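Q: This is the structure, below, for whatever I ask next.
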Amino acid sequence: MTGQTAPAAPSAAVSVDVPAKINPHLGVGDARADGFHALSTVYQSISLYDTVTVERREEPGIELTISGEGADILPRGDENLAVKAAKLIAIYGSVDPDVRIHLNKRIPVAGGLAGGSADAAATLVACSRLWEIEIGDAEMHRLAAGLGSDVPFCLKGGTAVGAGRGEELTRVEVGGSWHWVVATTDTQISTPECFKEVDRLREDGIGRFSADVDQIVRAFESGIGADELSRLLVNDMEAAAVSLRPQLASLMHGGLEEGALAAHVSGSGPTVLFLASDVKHAMALARRMRMRGGAKSVHIANGPVPGPAA
376 MTGQTAPAAP SAAVSVDVPA KINPHLGVGD ARADGFHALS TVYQSISLYD
426 TVTVERREEP GIELTISGEG ADILPRGDEN LAVKAAKLIA IYGSVDPDVR
476 IHLNKRIPVA GGLAGGSADA AATLVACSRL WEIEIGDAEM HRLAAGLGSD
526 VPFCLKGGTA VGAGRGEELT RVEVGGSWHW VVATTDTQIS TPECFKEVDR
576 LREDGIGRFS ADVDQIVRAF ESGIGADELS RLLVNDMEAA AVSLRPQLAS
626 LMHGGLEEGA LAAHVSGSGP TVLFLASDVK HAMALARRMR MRGGAKSVHI
676 ANGPVPGPAA
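Numbers 376 to 685, taken from my numbering, label the letters of the sequence shown in order.
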């Protein structure tokens, strides 16, 4: 979508589906003076969705309710990105943030799939429609970037190259679709913890910055087959994630034994992505992974798919 974003008519409630994000390429630079790491990444959204519903409430303030996978461990207050997003778009639109937000979670929580960022992006879009706030793409991107590095991508979805802290986006027009089995685990890894482990491993001479994304971008543009894509997947955080949670290595090995073309830690983990050749292969692989055990949950997804503001 380009230009202005606004609803056609007033509404008492607005629901928005928002997809999870994966990083087929995630290059992590050394820590900068400000403590952040430069990133060279390729984002892709996949068909694993949260649903964000917002509705007007007569009482002042924001009420947040959550259902679905991992709902019991998510914050309900101001620290939740969806609440922050509602407040931010309300300030932009000069409206009172009197809204009820409901998150129906299907994206695994704390799994390296940007579920929180996706919910923030969906809340920006849903509240702008609910409150009839006219906002252009550039301003929406600016608000999203203020909430977190992954939020701008989650607005549009699809496939994009990310630079800087990941918020500097260049869209990629792809020539195909790819299929994944998404396996979650009982463990958690915080992103700051994983970055610290990347730094520690590099001090020991393990790992380097995989800055070049040109090859995988060209591959996506040409609609490369899954076999070829399996050889191009990169995650500079994978070794750190496995170092912190060695059980991930067993899960990855198990998926490969069951026929996955590749095993790929998603972001900082602990979710593991298994690349399949097509949807039938993905369904069979997911079935075998469930029978094998070792994963908390197993999902099937394909990508890229559009985001809520696409």
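Note that CB positions come from ideal geometry on N, CA and C, so glycine has one too.
Just so you know, these numbers come straight off a predicted model, no measurement behind them.
(1) Touch check for the stretch 619-626 and the stretch 573-583: three-plus C-beta pairs under 8 Å?
(2) Am I right that residue 528 and residue 544 are in contact with their C-beta atoms under 8 Å? What's the rounded C-beta distance?
(3) At what residues does the beta strand (DSSP E) containing residue 512 begin and finish?
(4) Could you check where the beta strand (DSSP E) with residue 397 kicks off and where it finishes?
(5) Starting from residue 503, trace the alpha helix (DSSP H) in both directions and tell me its first and last residue.
(6) Work out the CA separation of residue 563 and residue 467 for me, nearest whole Å.
(7) Under a three-way DSSP split, which group does residue 421 fall into?
(8) Please name the residue or residues paired with residue 628 in a DSSP beta bridge.
(9) To the nearest angstrom, report how far apart residue 572 and residue 431 are at their CA atoms.
(10) In the DSSP assignment, find the unbroken beta strand (DSSP E) run with residue 545 in it and report its ends.
(11) Apart from the five residues just before and just after residue 680, which ones in its own chain have a Cβ nearer than 7 Å to its Cβ?
(12) Mind the definition here: the stretch 483-493 touches the stretch 447-457 only if three or more C-beta pairs lie below 8 Å; say whether that holds.
(13) Give the DSSP bridge partners of residue 528, in chain order.
(14) Going straight from the alpha carbon of residue 692 to that of residue 550, what length do you get?
(15) Going along the chain, which residues of its own chain have a beta-carbon closer than 6 Å to the beta-carbon of residue 663, five neighbours each way excluded?
(16) Among residues of its own chain, excluding the 5 on either side of residue 484, which ones have a beta-carbon nearer than 7 Å to its beta-carbon?
(17) Specify the secondary structure class of residue 593 as computed by DSSP and reduced to three states.
(18) Using a Cβ-Cβ cut-off of 6 Å (strictly less than) and excluding sequence neighbours within five positions of residue 641, which residues of its own chain qualify?
(19) According to DSSP, is residue 649 part of a helix, a strand, or is it coil?
(20) Assign residue 666 to one of two classes, buried (16 or more other C-beta atoms within 10 Å of its C-beta) or exposed (fewer than that).
(21) At what residues does the beta strand (DSSP E) containing residue 438 begin and finish?
(22) Sort 558, 608, 654, 470 by Cα distance to residue 622 and report the nearest one.
(23) Taking the Cβ atom as the reference point for each residue, do residue 535 and residue 546 lie within a distance shorter than 8 Å?
(24) Answer with buried or exposed for residue 415, where buried requires no fewer than 16 other C-beta atoms within 10 angstroms of its C-beta.
(25) Tell me, which residues are paired with residue 430 by DSSP?
(26) What do you get for residue 685, buried or exposed, if any count of 16 or more other CB atoms within 10 angstroms of its CB means buried?
(27) Using a Cβ-Cβ cutoff of less than 7 Å, which residues in the same chain neighbour residue 387 once the five nearest sequence positions on both sides are dropped?
(28) Name the one or two DSSP bridge partners that residue 675 has.
(29) Starting from the Cα of residue 434, find the closest Cα among 513, 475, 404, 588 and give me that residue.
A: Taking the structure as given:
(1) Result no; under three Cβ-Cβ pairs closer than 8 Å.
(2) Against the sequence shown, residue 528 aligns to sequence position 153. Against the sequence shown, residue 544 aligns to sequence position 169. So it is a contact: roughly 6 Å between Cβ atoms.
(3) Residue numbering aside, residue 512 sits at position 137 when the sequence shown is read from its first letter. That residue, residue 512, is in no beta strand (DSSP E); its alpha helix (DSSP H) goes 512-522.
(4) Here residue 397 refers to the residue found at position 22 when the sequence shown is read from its first residue. Note, residue 397: beta strand (DSSP E), 388-406.
(5) To locate residue 503, count along the sequence shown from 1; it is residue 128. Bounds of the alpha helix (DSSP H) holding residue 503 are 490-505.
(6) Numbered from 1 along the sequence shown, position 92 holds the residue referred to as residue 467. Numbered from 1 along the sequence shown, position 188 holds the residue referred to as residue 563. Taking the straight line joining both Cα atoms gives about 35 Å.
(7) The residue given as residue 421 occupies position 46 in the sequence shown. DSSP places residue 421 in strand when its eight states are reduced to three.
(8) The count along the sequence shown starts at 1 and reaches residue 628 at position 253. DSSP links residue 628 through a beta bridge to no other residue.
(9) Counting from 1 along the sequence shown, the entry for residue 572 is found at position 197. Counting from 1 along the sequence shown, the entry for residue 431 is found at position 56. Whole-angstrom Cα-Cα distance: 44 Å.
(10) On the sequence shown, residue 545 is found 170 positions in, with the first residue counted as 1. Per DSSP, residue 545 belongs to the beta strand (DSSP E) from 543-546.
(11) As a first step, residue 680 must be located in the sequence shown, where it is residue number 305. Taken in chain order, the residues that qualify are 394, 420, 421, 422, 532.
(12) Segments in contact, yes.
(13) As a first step, residue 528 must be located in the sequence shown, where it is residue number 153. Beta-bridge pairing links residue 528 to no other residue.
(14) Nothing can be reported for residue 692, as the shown portion of the chain is limited to 376 through 685.
(15) For the purposes of this step, residue 663 is taken as the residue at position 288 of the sequence shown. Cβ neighbours of residue 663 beyond the five flanking positions: 633.
(16) On the sequence shown, position 109 is the one that residue 484 refers to. Around residue 484, the same chain offers 444, 445, 448, 449, 490 as residues with beta carbons nearer than 7 Å, after the five sequence neighbours per side are excluded.
(17) Position 218 of the sequence shown, counted from the start, is the residue given in the question as residue 593. Helix.
(18) Here the question's residue 641 lines up with position 266 in the sequence shown. Apart from the 5 residues on each side of it in sequence, residue 641 sits with its Cβ closer than 6 Å to the Cβ of 397, 487, 488, 648 in its chain, given in chain order.
(19) What you label residue 649 is simply residue 274 of the sequence shown in a count that begins at 1. Residue state, collapsed to three classes: strand.
(20) Working through the sequence shown from its first residue, we reach residue 666 at position 291. Burial call: exposed.
(21) As a working mapping, residue 438 is identified with position 63 in the sequence shown. Start and end: 437-443.
(22) Translated into positions along the sequence shown, residue 622 becomes position 247. Considering only alpha carbons, the answer is 558.
(23) Mapped onto the sequence shown, residue 535 falls at position 160. Mapped onto the sequence shown, residue 546 falls at position 171. In contact: residue 535 and residue 546 (Cβ atoms closer than 8 Å).
(24) As a working mapping, residue 415 is identified with position 40 in the sequence shown. So residue 415 counts as buried.
(25) Residue numbering aside, residue 430 sits at position 55 when the sequence shown is read from its first letter. In the DSSP assignment, residue 430 is bridged to 388, 475.
(26) If you number the sequence shown from 1, residue 685 lands on position 310. Classification for residue 685: exposed.
(27) Locating residue 387 in the sequence shown gives position 12, counting from the first residue. Same-chain partners within the cutoff: 430, 431.
(28) As a working mapping, residue 675 is identified with position 300 in the sequence shown. For residue 675, which the question treats as bridged, DSSP gives the partners 556.
(29) Taking the first residue of the sequence shown as position 1, residue 434 is located at position 59. The candidate whose alpha carbon is nearest that of residue 434 is 475.
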